[in-house]
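Structure first, commentary second.
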Amino acid sequence: MGLGTRGSRSSSAEVIQVHMFLGFLVRLIFVSYGEYHDRTKVLKYTDVDYHVFTDAAREVVEGGSPFDRQTYRYTPFLAWLLIPNVQLNFAFGKLFFSFLDCCASRVIYEILILDGQSKITSLKCSFLWLYNPLVIGVSTRGSAESIMAVLVLLTIYMMKMRLHILAGIFLGASVHFKLYSVIYCLPLYLSLSSVNQQVIGWKQFLPNYSKMRLVCGTVLAFVGLTGMGYILYGEQYIEEAFLYHFSRIDTRHNFSVYFYLLYIGADFHIPGLSVATFGPQLILVFALGYKFRNRFDVPFALFTQTVVFVTFNKVVTSQYFMWYLLLLPLVVPRLSVSWQKAIVLASLWMGAQASWLLPAYLLEFHGINAFVPIWLEGIAFFCCNVGVLMALLSSYRPLPPLHHLSSRKNR
Amino acid sequence: MSRGVVCVVVSVVVMVSASSSSSSSASSSLSCPVVMQTSGQVERRLINAGFHRDLETTVFLSSPEDLDSCVVLLKETFPPGSFVDPHQLAFLRALGGPDFYVPQIINVETPEHQSPRVIAYFFTHVEEMTDGRWLANISVPIHFRYHRAWSGQNQPSLEAHVHIPHPAVLLHCDAGVSDACSPLVHLEPCPPAGPQLCQWLPVHTFSTSEGAVASIPVGNTDLLDTVLLTTTCLTAAATLLILAALAKKTPPSPHTSSSSAPLPPLS
Numbered sequence: 001m002g003l004g005t006r007g008s009r010s011s012s013a014e015v016i017q018v019h020m021f022l023g024f025l026v027r028l029i030f031v032s033y034g035e036y037h038d039r040t041k042v043l044k045y046t047d048v049d050y051h052v053f054t055d056a057a058r059e060v061v062e063g064g065s066p067f068d069r070q071t072y073r074y075t076p077f078l079a080w081l082l083i084p085n086v087q088l089n090f091a092f093g094k095l096f097f098s099f100l101d102c103c104a105s106r107v108i109y110e111i112l113i114l115d116g117q118s119k120i121t122s123l124k125c126s127f128l129w130l131y132n133p134l135v136i137g138v139s140t141r142g143s144a145e146s147i148m149a150v151l152v153l154l155t156i157y158m159m160k161m162r163l164h165i166l167a168g169i170f171l172g173a174s175v176h177f178k179l180y181s182v183i184y185c186l187p188l189y190l191s192l193s194s195v196n197q198q199v200i201g202w203k204q205f206l207p208n209y210s211k212m213r214l215v216c217g218t219v220l221a222f223v224g225l226t227g228m229g230y231i232l233y234g235e236q237y238i239e240e241a242f243l244y245h246f247s248r249i250d251t252r253h254n255f256s257v258y259f260y261l262l263y264i265g266a267d268f269h270i271p272g273l274s275v276a277t278f279g280p281q282l283i284l285v286f287a288l289g290y291k292f293r294n295r296f297d298v299p300f301a302l303f304t305q306t307v308v309f310v311t312f313n314k315v316v317t318s319q320y321f322m323w324y325l326l327l328l329p330l331v332v333p334r335l336s337v338s339w340q341k342a343i344v345l346a347s348l349w350m351g352a353q354a355s356w357l358l359p360a361y362l363l364e365f366h367g368i369n370a371f372v373p374i375w376l377e378g379i380a381f382f383c384c385n386v387g388v389l390m391a392l393l394s395s396y397r398p399l400p401p402l403h404h405l406s407s408r409k410n411r
Numbered sequence: 001m002s003r004g005v006v007c008v009v010v011s012v013v014v015m016v017s018a019s020s021s022s023s024s025s026a027s028s029s030l031s032c033p034v035v036m037q038t039s040g041q042v043e044r045r046l047i048n049a050g051f052h053r054d055l056e057t058t059v060f061l062s063s064p065e066d067l068d069s070c071v072v073l074l075k076e077t078f079p080p081g082s083f084v085d086p087h088q089l090a091f092l093r094a095l096g097g098p099d100f101y102v103p104q105i106i107n108v109e110t111p112e113h114q115s116p117r118v119i120a121y122f123f124t125h126v127e128e129m130t131d132g133r134w135l136a137n138i139s140v141p142i143h144f145r146y147h148r149a150w151s152g153q154n155q156p157s158l159e160a161h162v163h164i165p166h167p168a169v170l171l172h173c174d175a176g177v178s179d180a181c182s183p184l185v186h187l188e189p190c191p192p193a194g195p196q197l198c199q200w201l202p203v204h205t206f207s208t209s210e211g212a213v214a215s216i217p218v219g220n221t222d223l224l225d226t227v228l229l230t231t232t233c234l235t236a237a238a239t240l241l242i243l244a245a246l247a248k249k250t251p252p253s254p255h256t257s258s259s260s261a262p263l264p265p266l267s
């Protein structure tokens, strides 16, 4: 390894840094536009959740609990993080989320380099997050999904680096921030099965040194953060941030295939409905987490688990798509999909979303009774998601890339 | 006999004092022109359509008094199918929107049949018009809740009507309340944002309409069987399809030894 290699390694690091700066600049422009748009237009650019976060931060500044703010159902530490929204500028949080977006793209880049991908491939894949218009829109509107992106990606990065306690800490923090990430525990745990433990059978569930480090880190972070929240804010925190998600009564329209059933069936007792709505999601999350438990397949396991979790969930909003989009760049190099097929799949997915958004817009902002079209579009979007998942499953190459040894020379 | 005289005298005194008090209240009403001679024409309309609209209220006040230093209170009672969002109103107030006071906690997610009425107070000033009347005009964002789905066979329109009644209009002037007007005072929240109570005088209002009415679409429970069957069959089929694809997928590669795993790059 000579000076040439060192030089090319530092230049690749500079390239990603330049792009991180550009990505932040793009987001800054959108944040500025959003501030202007909200003052002049009826349909606001800023997400309603951002106002909820800011109001909760104001409650904290005034010495109260963030959960005094109605519909604040997140970790209390998010309100703490956004105190500058109240004391400095309303747009602070959006800029912070934009900064985290750029950090997430850097972590994607580093994970792919560790995975044995070339720097060009790693760079291009990180662009899938950095320059993704959906991601830019979500962060600049004030949604906090970029925090989750950084936590989950750092979990995977630490796993790749064999720093299992740190991986557990980031995993525990992820679960504390958003409960859904608890589904990642299964593949991450099983991926640490040693060579001595059999690939199939119950023995792979037996603990070993690495697994215990992961579990300890996870439990420490989750119990520590959640415990601190409970000590500070009591049962109100547990009810709003955790229990609410298991007893949601909000049946307003959303992307979920179950939306219309839950709305018109709200006053009827339908036996077995809970099983019908939770069962498929639970079965598929376990099946995918178990199937791709190999250490090299962990990003794909997490990706597919998240896709089925979101697709089969009782409530689906556009922010949920970020949960699997943050993992897509990690699996793209392993997919044997042609450019044309990738564009067709992406267009189908976006087209299905747009076709749902039309009747939803007509219902919400024009008062047109579009419930049946929304239901049908929900079905279409569900089928599209399942179809895209099937295509990705069939095109995924489970073996590690063979060129990783030669590509290391080029870094 | 003296007892009889006392009774008569007491009765006369009672009758005289009763008639004098009624005449004094009548005279006090007459001498409280703010209440007796002020009237307000209330007109309101809903702008936009759907679940999120603007409620514009215009009050034309006719009064012999100078209302320049007065604050107008519009006391709203929104039915359960609608609500205003105090957080949104606070945001708008910072951008020049009306002062307001909403004493209750609003749950923006509950459907209509699980929600209470909402009492809201809006404060505004008046402007003198060229015809001598005084104009008060405010516009507030109003939201409508989901209503219970019902059977399309029984009620084919599949639209619920939310009727927003006219507000009560009251005045609070810098000059205060004269003794003549004090029996007519209502105690309501002080401007600009309550919650302390102040003395307000009611304004007699009339309107050319019954109030604003919003039509809100509702779901059709007649479709429940179809929707239930379709949704459960679809999700079950999708689950089986994905499980079948997983079963067909080549078995995962066996665990490799740590020596052949990609090493972290050397810095």
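Going line by line, the protein sequences match chains A and B.
Residue numbers for the first sequence follow the working numbering, so the first one is 1 and each next one is one higher.
Residue numbers for the second sequence follow the working numbering, so the first one is 1 and each next one is one higher.
Cβ atoms here follow ideal geometry from the backbone N, Cα and C, with glycine treated the same way.
It should be emphasised that the depicted structure is a prediction, and the values quoted were computed from it without experimental measurement.
Own chain partners of residue i with C-beta closer than 8 Å, once the 5 adjacent residues on each side are dropped
{"i": "Leu393 of chain A", "result": "Thr304"}
{"i": "Leu197 of chain B", "result": "Leu187, Glu188, Pro189, Cys190"}
{"i": "Val219 of chain A", "result": "Gly168, Gly172"}
{"i": "Pro207 of chain A", "result": "Val215"}
Residue i versus residue j: straight-line alpha-carbon distance, rounded
{"i": "Ser257 of chain B", "j": "Leu186 of chain A", "result": "Legend: pLDDT at Ser257 of chain B = 39, less than 50; position of this residue unreliable, no value from coordinates given."}
{"i": "Asn313 of chain A", "j": "Ser207 of chain B", "result": "49 Å"}
{"i": "Phe296 of chain A", "j": "Tyr184 of chain A", "result": "15 Å"}
{"i": "Ser318 of chain A", "j": "Pro141 of chain B", "result": "25 Å"}
{"i": "Met390 of chain A", "j": "Ala245 of chain B", "result": "7 Å"}
{"i": "Leu43 of chain A", "j": "Tyr361 of chain A", "result": "11 Å"}
{"i": "Glu43 of chain B", "j": "Val315 of chain A", "result": "40 Å"}
{"i": "Lys291 of chain A", "j": "Pro280 of chain A", "result": "16 Å"}
{"i": "Gly23 of chain A", "j": "Lys119 of chain A", "result": "18 Å"}
{"i": "Cys70 of chain B", "j": "Arg58 of chain A", "result": "33 Å"}
{"i": "Gly116 of chain A", "j": "Ser194 of chain A", "result": "22 Å"}
{"i": "Ser24 of chain B", "j": "Leu184 of chain B", "result": "Because the pLDDT at Ser24 of chain B is just 48, under 50, the model does not fix this residue reliably, and the point stays unresolved."}
{"i": "Gly50 of chain B", "j": "Leu223 of chain B", "result": "23 Å"}
{"i": "Thr58 of chain B", "j": "Thr46 of chain A", "result": "30 Å"}
{"i": "Tyr320 of chain A", "j": "Glu62 of chain A", "result": "32 Å"}
{"i": "Leu100 of chain A", "j": "Pro84 of chain A", "result": "16 Å"}
{"i": "Thr71 of chain A", "j": "Asn254 of chain A", "result": "17 Å"}
{"i": "Asn220 of chain B", "j": "Phe278 of chain A", "result": "24 Å"}
Residues near residue i in its chain [Cβ-Cβ closer than 6 Å; skip 5 each side]
{"i": "Glu127 of chain B", "result": "Leu135"}
{"i": "Thr38 of chain B", "result": "Ser63, Val203"}
{"i": "Val48 of chain A", "result": "none"}
{"i": "Tyr50 of chain A", "result": "Gly142"}
{"i": "Glu112 of chain B", "result": "Pro80, Gly81, Arg145, His147"}
{"i": "Ser27 of chain B", "result": "Caution is warranted here: a pLDDT of 49 is assigned to Ser27 of chain B, below 50, making its placement in the model unreliable, and the coordinate value is therefore given only provisionally. Same-chain partners within the cutoff: there are none."}
{"i": "Leu424 of chain A", "result": "Residue 424 of chain A falls outside the range modelled here, since chain A spans only 1 to 411, and no answer is possible."}
{"i": "Phe382 of chain A", "result": "Val257"}
{"i": "Asn137 of chain B", "result": "Thr58"}
{"i": "Cys102 of chain A", "result": "Met20, Gly23, Phe24"}
Neighbourhood of residue i by C-beta, 7 Å cutoff - its chain only, sequence neighbours within 5 removed
{"i": "Val337 of chain A", "result": "Ser395"}
{"i": "Ala167 of chain A", "result": "Thr155, Met158, Met159, Leu214, Gly217"}
{"i": "Leu335 of chain A", "result": "Leu392, Ser395, Tyr396"}
{"i": "Leu288 of chain A", "result": "Ala301, Thr304, Gln305, Val308"}
{"i": "Val26 of chain A", "result": "Ile136"}
{"i": "Asp55 of chain A", "result": "Arg69"}
{"i": "Ala160 of chain B", "result": "Gly81, His147, Ile216, Val218"}
{"i": "Leu151 of chain A", "result": "Phe170, Ala173, Ser174, Phe177"}
Contact belief for residue i with residue j at Cβ below 8 Å, rounded distance in angstroms
{"i": "Tyr263 of chain A", "j": "Ala149 of chain B", "result": "6 Å"}
{"i": "Ser174 of chain A", "j": "Met148 of chain A", "result": "7 Å"}
{"i": "Val162 of chain B", "j": "Val213 of chain B", "result": "7 Å"}
{"i": "Leu330 of chain A", "j": "Ile111 of chain A", "result": "6 Å"}
{"i": "Pro192 of chain B", "j": "Asp99 of chain B", "result": "4 Å"}
Check whether the stretch 157-172 of chain B and the stretch 67-79 of chain B are in contact - that is, three or more C-beta pairs closer than 8 Å. With the cut-off at 8 Å, the stretch 157-172 of chain B and the stretch 67-79 of chain B touch.
Mind listing, in chain order, the continuous alpha helix (DSSP H) runs of no fewer than 4 residues lying wholly within the stretch 133-221 of chain A? Counting whole runs of 4 or more residues, the stretch 133-221 of chain A contains the alpha helix (DSSP H) stretches 133-140, 145-160, 164-177, 185-190.
Suppose only complete runs of 3+ residues qualify. What are the beta strand (DSSP E) ranges in the stretch 288-376 of chain A, listed by chain order? Segments of the beta strand (DSSP E) lying fully in the stretch 288-376 of chain A: there are none.
With three or more beta-carbon pairs closer than 8 Å as the criterion, would you say the stretch 255-272 of chain A touches the stretch 359-377 of chain A? Yes, the stretch 255-272 of chain A is in contact with the stretch 359-377 of chain A.
Would you mind listing the alpha helix (DSSP H) stretches within the stretch 24-112 of chain B that are 4+ residues and don't spill past its ends, in chain order? Those alpha helix (DSSP H) runs which fall completely within the stretch 24-112 of chain B and span 4+ residues are 33-36, 86-94.
Does the contact criterion of 3 or more C-beta pairs under 8 Å hold for the stretch 132-147 of chain A versus the stretch 79-96 of chain A? Contact between the stretch 132-147 of chain A and the stretch 79-96 of chain A is present, because at least three Cβ pairs lie under 8 Å.
Would you mind listing the alpha helix (DSSP H) stretches within the stretch 16-63 of chain A that are 4+ residues and don't spill past its ends, in chain order? With a minimum length of 4 residues, the continuous alpha helix (DSSP H) runs that stay inside the stretch 16-63 of chain A are 48-61.
Three-pair Cβ contact test at 8 Å for the stretch 234-244 of chain A versus the stretch 73-91 of chain A: By the criterion of at least three beta-carbon pairs nearer than 8 Å, the stretch 234-244 of chain A is in contact with the stretch 73-91 of chain A.
Please give the ranges of any beta strand (DSSP E) in the stretch 89-141 of chain A, keeping only runs that are unbroken, at least 3 residues long and fully inside the region. Counting whole runs of 3 or more residues, the stretch 89-141 of chain A contains no beta strand (DSSP E) stretch at all.
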